[in-house]
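Structure first, then comments.
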Amino acid sequence: MTGAAAQDTTAQADVPPPTEPAADTEVPPATTEADAATSNATAASDTPPPQDANANPATETPVTNSDAKAAEAEADFEALYGPTGSTDVTRGEAGVIWDPWEPYNRKIHRLNNAVDRYVAHPLAKAYVKVVPRPMRSGVSNFFSNLGQPITAVNALLQGKPKLAAHAAGRFLLNSTLGIGGIFDPATDAKLENGNEDFGQSLGVWGWRRSRYFELPLFGPRTLRDIVGMVGDAPLSPMRGLEEDKIRIPLQGLQLVDLRAQLMSTDALREGVQDDYTLVRDAWMQRRMYQINGEAGENLPDYLRDAPIVPVNAMPVRPGN
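Just so you know, we're using our numbering here: the sequence shown kicks off at 761 and counts up by one.
Okay, structure coming up:
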């Protein structure tokens, strides 16, 4: 018994006494659950929310169809008129929309719309419905080929020898291997398909500002373009047709083909409050791009290379 007691006494002697905190040492208070919650809330308010790429789309503002259309319309507006608020307007662009004869032009526009509604559009719809697409492409190629001599000459007048050579090459190649222009081997040969006229040449030479004028049946023009039509007329292969019974039906087919190409833009004019202003401004801005040589790269899709009634569709008698 004495030996066991001695061992217990020795073990207790080896255990160090508990350490008391120093008098000058501050002991942090215990953190309660309420304090922790308050601290977490404060930290959360100071930390910006993370940008989660996989956020739930249901919590985000959906992009509606009307928003998409509004954005597209804004892009189209800036393509036509420049960025919103832009004041950097050159002298040549300041008077682009010059329409002192607007009352007369509006009357002709209403006439043209009536003719289109009751004659041209129904004919174009029937043409698209009855004539297969390959045949319609051949007709479009044929009339496009007839315009290449006009493009070649005016490209030279505008100082574009490469485009002039391409236009001449297209006319020769398509008129022979393309069987009168019905087929288009020139495109496969990488020959550029340009579209130049004397109205553009006059604009390049300095006649930038011209009065807007809408022709009965032939649509938007300017006085500069009407003078250009007179200058282009002798270059049209159509003038070589002395038989009216051949030339006039061809010109009628050309007009129907052009109207069929424009059917893709009909939806853009539906519900527009002022159709006259829409057509006038779009057409005038497109001509500005053509004259400035910008190739319409910034234009909306529906204005790029939009067909207009060309000079070789005018029913001018040979020799007159």
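In this text, a Cβ means the ideal position worked out from N, Cα and C, and glycines have one as well.
Rounded straight-line distance, which links the Cα of residue j to that of residue i
i, j, result
"Ala949", "Val888", "29 Å"
"Trp1043", "Ala925", "28 Å"
"Leu1001", "Gln1033", "43 Å"
"Ala928", "Gln908", "7 Å"
"Val875", "Thr982", "21 Å"
"Val990", "Thr947", "29 Å"
"Arg893", "Leu1013", "15 Å"
"Glu952", "Ser897", "18 Å"
"Phe973", "Pro863", "11 Å"
"Gly1031", "Leu975", "24 Å"
"Thr1025", "Leu1038", "12 Å"
"Gln1021", "Trp861", "29 Å"
"His869", "Arg1040", "10 Å"
"Arg866", "Ile857", "15 Å"
"Gln1011", "Ile1051", "27 Å"
"Leu906", "Ala1027", "30 Å"
"Gly938", "Met895", "14 Å"
"Arg1015", "Arg877", "Residue 1015 is actually Leu in this sequence, not Arg. Roughly 14 Å separates the two Cα atoms."
"Pro882", "Arg999", "28 Å"
"Leu977", "Ser996", "20 Å"
"Ala912", "Thr936", "17 Å"
"Leu916", "Leu923", "8 Å"
"Tyr1036", "Asp859", "12 Å"
When the options are compared against residue i, the one with the closest alpha-carbon
i, options, result
"Asn914", "Lys867, His869 and Phe958", "Phe958"
"Tyr1049", "Asp992, Val890 and Ser961", "Ser961"
"Arg971", "Lys885, Arg870, Arg1047 and Arg1007", "Arg1047"
"Gly966", "Arg999, Glu974, Ser904 and Arg984", "Arg984"
"Pro1009", "Pro994, Tyr1036 and Phe903", "Phe903"
"Ala993", "Arg968, Ile910, Ala1027 and Asp1035", "Ile910"
"Gln1045", "Lys922, Leu995 and Arg969", "Arg969"
Residue i burial status per 10 Å Cβ neighbour count (16 or more: buried)
i, result
"Met1023", "exposed"
"Ala783", "Interpretation of Ala783 is limited by its pLDDT of 43, a score under 50 that renders its predicted location unreliable; the figure taken from the coordinates is listed afterwards. Flag for Ala783 reads exposed."
"Gly940", "exposed"
"Asp1004", "exposed"
"Lys920", "buried"
"Gly1053", "exposed"
"Ile1006", "exposed"
"Asn886", "At residue 886 the sequence reads Ala, which differs from the Asn that was named. Ala886 comes out exposed."
"Ala815", "With a pLDDT of only 47 at Ala815, under the threshold of 50, the placement of this residue in the model should not be trusted; the figure read from the coordinates follows. Its Cβ having fewer than 16 others within 10 Å, Ala815 is exposed."
Bounding residues of the beta strand (DSSP E) (the contiguous stretch that carries residue i)
i, result
"Glu1086", "The question about residue 1086 has no answer here: the residues shown for the chain are numbered 761 through 1080."
"Phe973", "Tyr972 to Leu975"
Limits of the alpha helix (DSSP H) - the one that residue i falls within
i, result
"Thr982", "Run containing Thr982: none in the alpha helix (DSSP H); it sits in the beta strand (DSSP E), Gly979 to Thr982."
"Leu917", "Gln908 to Leu917"
"Met1044", "Asp1035 to Asn1052"
"Asn934", "Pro921 to Thr936"
"Phe958", "Phe958 to Val964"
"Ala886", "His881 to Val890"
"Gly1012", "Asp1004 to Gln1021"
"Arg1029", "Asp1026 to Arg1029"
"Asp948", "Pro945 to Asp948"
Integer Cβ distance of residue i from residue j, believed to fall under 8 Å
i, j, result
"Gly979", "Asn873", "The pair is not a contact, with the Cβ atoms about 10 Å apart (cut-off 8 Å)."
"Val964", "Gln918", "5 Å"
"Ala880", "Arg1029", "About 14 Å; that fails the 8 Å criterion."
"Val890", "Asp1017", "With a Cβ gap of about 13 Å, Val890 and Asp1017 do not count as contacting."
"Phe943", "Asn901", "7 Å"
"Pro945", "Asn955", "So it is not a contact: roughly 19 Å between Cβ atoms."
Short CB-CB distance (under 8 Å) between residue i and chain B
i, result
"Thr982", "No chain B is present in this structure, which holds just one protein chain."
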